[in-house]
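Colleague:
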Amino acid sequence: MAHPLEKYLRAGKLPHIWCAGCGHGIVTQAILRAVDELQLDTEKTVVVSGIGCSSRAPGYLHFDTLHTTHGRAIPFATGIKMANPELRVIVVTGDGDAAAIGGNHLIHAARRNIDLTVICFNNTIYGMTSGQYSPVTPGGSFASTAPYGMVEPSFDLCTLVAGAGGTFVARGTTYHARPLTNIIKEAIKHEGFSFVEALSQCPTYYGRRNKLRAPLDMLYWYRDHAVGVSQWEKLTDDEKAGKFPIGVLKKVEHAPEFSRVYSELIARARERSEA
Amino acid sequence: MAEASWEVAINSKWCKKCGLCVAFCPKKVLGEEMGAPKVLNESLCIGCLLCEMHCPDFAIAVKRRDSK
Ligand SMILES: Cc1ncc(C[n+]2csc(CCOP(=O)(O)OP(=O)(O)O)c2C)c(N)n1
Ligand code: SF4
Ligand code: SF4
Numbered sequence: 019m020a021h022p023l024e025k026y027l028r029a030g031k032l033p034h035i036w037c038a039g040c041g042h043g044i045v046t047q048a049i050l051r052a053v054d055e056l057q058l059d060t061e062k063t064v065v066v067s068g069i070g071c072s073s074r075a076p077g078y079l080h081f082d083t084l085h086t087t088h089g090r091a092i093p094f095a096t097g098i099k100m101a102n103p104e105l106r107v108i109v110v111t112g113d114g115d116a117a118a119i120g121g122n123h124l125i126h127a128a129r130r131n132i133d134l135t136v137i138c139f140n141n142t143i144y145g146m147t148s149g150q151y152s153p154v155t156p157g158g159s160f161a162s163t164a165p166y167g168m169v170e171p172s173f174d175l176c177t178l179v180a181g182a183g184g185t186f187v188a189r190g191t192t193y194h195a196r197p198l199t200n201i202i203k204e205a206i207k208h209e210g211f212s213f214v215e216a217l218s219q220c221p222t223y224y225g226r227r228n229k230l231r232a233p234l235d236m237l238y239w240y241r242d243h244a245v246g247v248s249q250w251e252k253l254t255d256d257e258k259a260g261k262f263p264i265g266v267l268k269k270v271e272h273a274p275e276f277s278r279v280y281s282e283l284i285a286r287a288r289e290r291s292e293a
Numbered sequence: 045m046a047e048a049s050w051e052v053a054i055n056s057k058w059c060k061k062c063g064l065c066v067a068f069c070p071k072k073v074l075g076e077e078m079g080a081p082k083v084l085n086e087s088l089c090i091g092c093l094l095c096e097m098h099c100p101d102f103a104i105a106v107k108r109r110d111s112k
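Heads up: the sequence lines are chains A and B, in that order.
Per my numbering, the first sequence runs over residues 19 to 293.
Per my numbering, the second sequence runs over residues 45 to 112.
(1) So, using beta-carbon positions, are A:Gln249 and A:Leu237 closer together than 9 Å?
(2) Below 8 Å on the Cβ atoms is my guess for B:Gly79 versus B:Lys61; work out the distance and round it to an integer in Å.
(3) At a CB distance below 7 Å, what residues from the stretch 222-241 of chain A approach chain B? Give them in sequence order.
(4) Report yes or no: is there a C-beta of chain A within less than 9 Å of the C-beta of B:Asn55?
(5) Would A:Ile137 pass as a contact of A:Val245 if the rule is Cβ separation under 9 Å?
(6) Quick check: the Cα distance between A:Thr163 and A:His34, rounded to an integer number of angstroms?
(7) Check distances from the C-beta atoms of the stretch 23-43 of chain A to those of chain B and list, in chain order, the residues that come in under 8 Å.
(8) Give the residues of chain B in contact with A:His80, contact being defined as C-beta atoms less than 8 Å apart.
(9) Tell me whether B:Cys59, by its Cβ, gets closer than 8 Å to a heavy atom of ligand 2.
(10) In whole angstroms, what is the alpha-carbon distance linking A:Glu104 and A:Arg288?
(11) What in chain A is Cβ-close to B:Trp58, meaning under 8 Å?
(12) Would you call the CB atoms of A:Ala195 and A:Ala48 closer than 9 Å?
(13) The alpha helix (DSSP H) spanning A:Cys220 covers which residue range?
(14) Return the chain-ordered ranges of every alpha helix (DSSP H) run that is complete within the stretch 131-177 of chain A and spans a minimum of 4 residues.
(15) Would A:Thr177 be called buried (16 or more neighbouring beta carbons within 10 Å of its own) or exposed?
(16) Does any residue of chain B have a CB that is nearer than 9 Å to the CB of A:Thr111?
(17) Is A:Gly39 near ligand 3, in the sense that its beta carbon is under 8 Å from a heavy atom of that ligand?
(18) I'd like to confirm the pairing. Which residues does DSSP put opposite B:Ile104 in its beta bridges?
(19) Which full runs of the beta strand (DSSP E) of 3+ residues lie inside the stretch 64-106 of chain B, going along the chain?
(20) So which residues on chain A does B:Pro81 lean against when the C-beta distance must stay under 8 Å?
(21) Give the secondary structure of A:His272 by DSSP, where H, G and I count as helix, E and B as strand, and everything else as coil.
(22) Quick one: is the Cβ of A:Gln219 within less than 8 Å of any heavy atom of ligand 2?
(23) If you draw a straight line from the C-alpha of A:Ala101 to the C-alpha of B:Leu94, how long is it?
(24) Which class does B:Lys112 belong to by DSSP, given the choice of helix, strand or coil?
(25) Using DSSP bridges, identify the partner residues of A:Leu27.
(26) Considering only C-alpha positions, which residue in the set A:Ala52, A:Met19, A:Trp239 is nearest to A:Ala205?
(27) In chain A, which residues lie with their C-beta within 8 Å of the C-beta of B:Met97?
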């Protein structure tokens with residue numbers, strides 16, 4: 019029996035390189051299920067990534083895909099969208115790729131409200147290079163470059179992107195695979211910059227160092243610390259401590275979208291030069 | 045209406061034996077045998093797809109039996 023999403027996979031490339039129990043496969047599947055349920059035209063859907071374990075995902079996907087350089091998925095995706103605004107462009111990125119080396123691109127794409135869907139596979143670590151801390155590694159947790167525990171404050175990626183002007187911001191986890199799929203569907207449908215932070219376990223380089231050795235330990239950690247956004251709003255500050263909200267955190271409709279605004283500008287400039 | 049019946053299949057070529065499918069199944073359809081997941085009680089499957097959606101390796105699929 020073939021997998022129901024197999025038509026979206028380059029099946030000959032599987033099994034993939036990810037470690038046993040790595041969350042990246044769960045997020046990848048959520049993206050494909052979203053694409054399937056939305057009945058997207060795969061001929062008009064492009065998936066772009068940077069570098070990292072997460073950024074390997076497009077290599078397994080049967081779409082037009084682009085595996086670019088570290089931190090630069092969003093600039094490449096911006097070029098694609100601006101050259102052909104008819105395309106739907108999905109960016110697959112890691113927390114290091116998106117928020118460390120690529121952090122500047124992330125905030126400016128959000129500010130422009132360009133119609134990209136950015137799915138950040140957030141394992142709070144640099145997985146591919148064996149576990150250095152990233153700008154979102156939680157305070158106190160251990161990484162190869164934080165052997166005594168992370169002392170820097172971390173970014174809240176959703177707050178960062180919302181503050182920079184992104185018009186759709188949401189968070190999910192691999193424990194909540196069905197809700198994550200629904201969030202990704204909504205993000206894809208949104209016209210404007212949409213950002214999904216998908217918490218994804220790296221049992222190999224995060225879990226092992228942080229007493230969450232088994233993939234399941236990390237999934238249960240998500241279960242025990244995530245709070246649905248409607249519930250979250252009712253909590254006191256004390257109750258919120260140590261927890262985080264999941265669901266759609268920001269959604270602004272009908273804000274001017276960059277590729278559209280730019281096309282209109284081109285039309286106006288042409289009119290003027292022809293007059 | 046007849047009870048729906050579900051087919052559960054594991055692709056051992058892609059499976060990395062992480063055990064997530066076994067842990068997520070609410071009906072004990074799946075179990076572990078020599079470290080690998082195995083379909084033990086297919087008739088108990090309720091088609092929730094929790095195993096399928098949590099498999100990081102696209103290695104387990106659930107399908108309604110009579111559907112084409
Ligand atoms: C310009 C450049 N700097 C550094 C690297 C090395 N490098 C490869 S992947 C990576 C980090 C990946 O972490 P993340 O984006 O969080 O993805 P993950 O592997 O955790 O999924 C780094 C620093 C590189 N490939 N290119
Ligand atoms: S190192 Fe971590 S992120 Fe990379 S494949 Fe392994 S578990 Fe996944
Ligand atoms: S979740 Fe997938 S990879 Fe993990 S044991 Fe089950 S079938 Fe194998």
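Where a beta carbon is used, it is the ideal one built from N, C-alpha and C, also for glycine.
Modeller: With the structure as the only source:
(1) no
(2) 6 Å
(3) Pro233, Leu234
(4) yes
(5) no
(6) 27 Å
(7) Leu23, Glu24, Leu27, Leu32, Pro33, His34, Trp36, Cys37, Ala38, Gly39, Cys40, Gly41, His42, Gly43
(8) Going along chain B, no residue has its Cβ under 8 Å from A:His80, so there is no contact; the nearest lies around 12 Å.
(9) no
(10) 21 Å
(11) Leu32, Pro33
(12) yes
(13) No alpha helix (DSSP H) contains A:Cys220, which DSSP labels as neither H nor E.
(14) none
(15) exposed
(16) no
(17) yes
(18) B:Ile54
(19) 74-77, 80-83
(20) None at all; the shortest Cβ gap to chain A is about 12 Å.
(21) coil
(22) yes
(23) 40 Å
(24) Note on B:Lys112: pLDDT 48, under 50, position unreliable in the model; no value is reported.
(25) A:Leu79
(26) A:Ala52
(27) Ile44, Gln47, Ala48, Arg51, Ala195, Arg196, Thr199
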